[in-house]
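Notes to accompany the following structure.
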Amino acid sequence: MVWVVQIGCGQKKAKHLTKPEVGHFRAQGVPLKRKLREFPVTEDALLPLGTSLGVRHFVPGQYVDVTGITMGKGFQGGMKRHGFKGGPASHGASLSHRSIGSTGQRDAPEVFKGKKMPGRMGGKQRTVKNVWIYKIDPVRNLIWVKGQVPGAEGNFVFIKDAVYRKHEISLLPFPTYFRGEGTEDTLEPLVADLGDVDPFMLGD
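Residue numbers (the UniProt record's numbering): 1 to 204.
Written as structure tokens, this is what we have:
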């Protein structure tokens, strides 16, 4: 059996949601959310309804997978969209310097489905894997990562534990971070351990 946890973020008015979405939120007694996403979990990682998740769910030094909608670049040619070489710049070439060349062959006079051709570029969901978390700020609920994050500034991204690079499971809060009774959360940012060797200092 597959268990999933639905996580919502942001706020949205009822008139901007479909009736099934409004009914789903109201049936659970939670505010209307702008984004809703499901994450597969194990049965022992199911969280109570209404649990708030923050950046303390992750730890510095952990690897995560980041999913988002890439920046749309509009209609682009084969050289920009697929990295084609293009035609020659001289030696008789005229008006075909950036063309894609042949689109088929002689025996089957057709263009096969999936042929790389000019078209709309970007605006698709992509996942950047194995992104390293450098620092988290619990006060401002911010995460610093080393690597690329898909999407334009201000877009929503979905972060989950890396699939191919596992962190030490004993160091991760399970099922998520809960503040202990009688303790206070730290107000200082948490930074990953970089070791004793300064990578910017060159040895003799």
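Glycine included, each C-beta is placed from N, C-alpha and C at the ideal position.
Since the model is a prediction, treat every value here as computed from it, not as a measurement.
Using the three-state DSSP reduction, which class does residue i fall into: helix, strand or coil?
i, result
"F174", "coil"
"Q76", "strand"
"V22", "helix"
"E38", "strand"
"D44", "helix"
"K15", "helix"
"R56", "helix"
Taking Cβ positions, are residue i and residue j nearer each other than 7 Å?
i, j, result
"N155", "G72", "no"
"P60", "K115", "no"
"G87", "P118", "no"
"V66", "V131", "yes"
"G122", "T70", "yes"
"V5", "V41", "yes"
Between residue i and residue j, which are expected to be in contact by the criterion C-beta below 8 Å, what is the C-beta distance as a whole number of angstroms?
i, j, result
"V157", "G151", "6 Å"
"L47", "W3", "So it is not a contact: roughly 11 Å between Cβ atoms."
"V139", "L187", "6 Å"
"A89", "I133", "A89 to I133, Cβ: 45 Å. No contact."
With distances taken Cα to Cα, identify the nearest neighbour of residue i among the options.
i, options, result
"I7", "Q28, K15 and A14", "Q28"
"G83", "F25, H24 and I100", "I100"
"T176", "R120, L53, F25 and C9", "L53"
"F75", "R98, D44 and R120", "R120"
"R98", "K113, F112, M79 and Q11", "M79"
Open item on the list: Contact between the stretch 151 to 167 and the stretch 91 to 111 is defined here as three or more beta-carbon pairs at a separation below 8 Å; is this criterion met?
Closed with: Contact between the stretch 151 to 167 and the stretch 91 to 111 is absent, because fewer than three Cβ pairs lie under 8 Å.
Task: Stretch pair the stretch 24 to 32 + the stretch 115 to 133: three plus CB contacts closer than 8 Å - done: Taking a cut-off of 8 Å for Cβ pairs, the stretch 24 to 32 and the stretch 115 to 133 do not touch, as fewer than three such pairs fall below it.
Open item on the list: Can you confirm whether the stretch 96 to 111 touches the stretch 9 to 21 when touching is taken to mean that 3 or more C-beta pairs between the two stretches lie within less than 8 Å?
Closed with: At 8 Å Cβ cutoff, the stretches do not touch.
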